[in-house]
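The structure appears right after this line, and notes come after that.
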Amino acid sequence: MTAAPLPGWSPAELDHVGLAVHDLDAAVELHRSVLGLHLLSVEDVAAHGVREALLAPGPGPGTRVQLLQPLSDASPVARFLARRGEGLHHLAYRVGSLDDALARLATGDPPLQPVAPGVTRGGGGARVAFLHPRDLGGVLTELVERG
52 MTAAPLPGWS PAELDHVGLA VHDLDAAVEL HRSVLGLHLL SVEDVAAHGV REALLAPGPG
112 PGTRVQLLQP LSDASPVARF LARRGEGLHH LAYRVGSLDD ALARLATGDP PLQPVAPGVT
172 RGGGGARVAF LHPRDLGGVL TELVERG
């Protein structure tokens, strides 16, 4: 099946790849020592129930690696880890306007809506929304609007 892009939609840049981990400190050290990635930030994102570390190949712009450790057993990332173990959790695409992107997706065929709770604040204060894996080939997809 070949679908045309939604009118007015431009391809989004890959913002980051999210990886679920049990031990954030160990995962950061692994990515730094083995892959040579640079640690950009570490923060708790209470709205998503995670402590996250953002790493990159260098200081400039580009795709990042986001390591996610659950803050509690009730966190969606904790449930993911219990079901699937450590590994790829989601792909995140940067968009210029999250509101415009969601409005365009809602008019598609089939229409796509963000999963609950909808638009929230992610790491670094970015506005984010997630799209269900069943709608996008089995991959949890995050849309990110950076300020």
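Numbered according to the working numbering, the sequence shown spans residues 52 to 198.
Cβ atoms here follow ideal geometry from the backbone N, Cα and C, with glycine treated the same way.
Model, not experiment: these values are computed from the prediction.
Item checked: Proximal residues to R145 (C-beta, below 7 Å), its chain only, five neighbours per side dropped -> A63, E64, D66, V195, R197
Item checked: G159 to R185 span [Cα, whole Å] -> 15 Å
Margin query: Rounded to the nearest angstrom, what separates T53 and P161 at their Cα positions?
Written below: Reliability fails at T53, whose pLDDT of 46 lies under 50, so the model's placement of it is uncertain and the value that follows must be treated cautiously. T53 and P161: Cα-Cα distance of roughly 13 Å.
Next item on the list: Identify every residue that forms a DSSP beta bridge with L90.
Entry: L106
Item checked: Spatially closest choice to H183 from S126, P165, A78, by CA coordinates -> P165
Notebook entry, point to check: Among the residues of its own chain, which have a CB less than 8 Å from the CB of S123, if the five just before and after it don't count?
Noted result: So the qualifying residues of the chain are G100, A129.
Next item on the list: Tell me, to the nearest whole angstrom, how far the beta carbon of V170 is from that of A180; I am working on the premise that it is less than 8 Å.
Entry: 5 Å
Notebook entry, point to check: Over what stretch of residues does the beta strand (DSSP E) that includes P121 continue unbroken?
Noted result: 115-121
Note to self: Need the endpoints of the beta strand (DSSP E) that A190 sits in, please.
What the structure shows: Checking the displayed sequence, the identity of residue 190 turns out to be Val instead of Ala. Segment: none, V190 is in no beta strand (DSSP E) and carries neither H nor E.
Margin query: Can you look up G111 in the DSSP assignment and give me helix, strand or coil?
Written below: coil
Checklist line | Straight-line gap, A167 to P127 (C-alpha atoms, nearest Å) | finding: 12 Å
Checklist line | Whether E103 touches L118 by CB criterion (9 Å) | finding: yes
Check: Comparing alpha-carbon positions, which option in R178, L139, V68 lies nearest D151?
Finding: When only C-alpha atoms are compared, the closest one is R178.
Checklist line | Start-to-end residues for the alpha helix (DSSP H) that takes in R197 | finding: Per DSSP, R197 belongs to no alpha helix (DSSP H) and is neither H nor E.
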